[in-house]
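Each remark here refers to the structure printed beneath this line.
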Amino acid sequence: MEASPIRCLVSAGPTREYFDPVRFLSNPSSGRMGFAVAEAARAQGWEVALVSGPVALPDPEGVRVVRVETGDEMHAALLEYFPECDVLFMTAAVMDTRPRHRSPHKVKKDRLPGVIEMEPATDILADLGRRKTGQTLVGFAAETENVEANARAKLVRKNLDFIAANEVGVPGSGFVSETNRLVLISRDGGREVLGPALKRELADRLIDRVAPSVARGREGRERP
Ligand code: CTP
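Numbering (our numbering), first residue to last: 1123 to 1346.
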């Protein structure tokens, strides 16, 4: 019997956290890294679902795309696909904080607060790390300093198999850039520098490096 294709889940782009229907806090993630990973996974013959925050990119061909806005929407969409996926690439730039209150009506400008009270948002990847049953989890760490040490700490804290550390704020790397440089760190202590290269090229290499672990994770695991 032919093996079923590997099921790959990817998150991409920013999330938005609203404090009224027309105003939100967010970040400048372009979604390019995640869309490149989705395309590279598809090119491998994997079955791909892509959950994306608001970005100006067209749906990659042959990929099931779910568009979301808030962190809660992204979390819910990922939870739907997560139990059956073999690998998750969590490239999304999820907001860590959100307004404590969301007004159902547009707040008039003379009533806009000088200070917006914030609360922590759910750490989606940490939640999925607690739920994993053999899926390979690949996180992305955006750092401006102590890149590798911080990334390693996140790998452990979120129960990941790999983390791709990304130095933001330097030319040729990060959120809105066409190119990127990643340090791929694995749970077993491996470390490899990928790039600098175009995001699609990096995505191909990333899939290559992660594929053996995905195959191993699949063995002996009954999918629901
Ligand atoms: N992530 C997530 N939910 C959040 C924040 C982050 O799922 N609320 C995921 C990101 O998609 C990424 C990984 O966690 O794959 C690391 O994100 P990063 O922003 O680098 O780290 P944080 O956990 O937010 O920690 P810090 O802001 O302290 O660097």
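Where is the CB? At the ideal position from N, CA and C, for every residue including glycine.
CA nearest to the CA of residue i, picked from the options
i, options, result
"ALA1198", "GLY1175, ASN1302, GLY1184", "GLY1175"
"ASP1194", "GLU1139, GLY1156, ARG1154, ALA1271", "GLU1139"
"VAL1237", "ASP1245, HIS1227, HIS1223", "HIS1223"
"THR1255", "ASP1208, GLY1135, THR1137", "ASP1208"
"ASN1149", "ASP1218, MET1212, VAL1292", "ASP1218"
"VAL1188", "GLU1161, ALA1134, ALA1165, LEU1147", "ALA1134"
"LEU1250", "ASN1272, ARG1274, ASP1283", "ASP1283"
"LYS1321", "ALA1125, PHE1146, SER1151, MET1155", "MET1155"
Separation of residue j from residue i, as counted between CA atoms
i, j, result
"ALA1163", "ARG1233", "48 Å"
"LYS1230", "PRO1143", "12 Å"
"ARG1252", "PRO1334", "22 Å"
"ARG1343", "GLY1153", "31 Å"
"PRO1205", "GLU1241", "28 Å"
"GLY1261", "HIS1227", "36 Å"
"ALA1158", "MET1196", "19 Å"
"ASN1281", "ALA1248", "7 Å"
"ARG1279", "GLU1323", "29 Å"
"PRO1136", "MET1212", "12 Å"
"ALA1325", "ARG1145", "33 Å"
DSSP-derived helix/strand/coil call for residue i
i, result
"ARG1138", "coil"
"VAL1269", "helix"
"GLU1289", "strand"
"ARG1129", "strand"
"ILE1246", "helix"
"SER1225", "coil"
"GLU1314", "strand"
"SER1151", "coil"
"LEU1234", "coil"
Nonlocal neighbours in the same chain, by C-beta distance under 7 Å from residue i, ignoring five residues either side
i, result
"GLY1167", "PRO1127"
"TYR1203", "LEU1131, ALA1171"
"SER1225", "PHE1141, ASP1142"
"ASP1336", "Note on identity: in this sequence residue 1336 is Val, with Asp being the wrong assignment. Excluding sequence neighbours, VAL1336 sits near ILE1128, ASP1208, VAL1209, THR1258."
Same chain, Cβ closer than 6 Å to residue i, neighbours up to 5 away in sequence not counted
i, result
"GLU1169", "PRO1127, ARG1129"
"ARG1186", "ALA1171"
"ALA1286", "PHE1262, LEU1304, LEU1306"
"GLY1339", "GLY1256, THR1258"
Check your understanding: Can you list the beta strand (DSSP E) stretches of 3 or more residues lying completely in the segment 1155-1211, in chain order?
Key -> 1169-1174, 1186-1189
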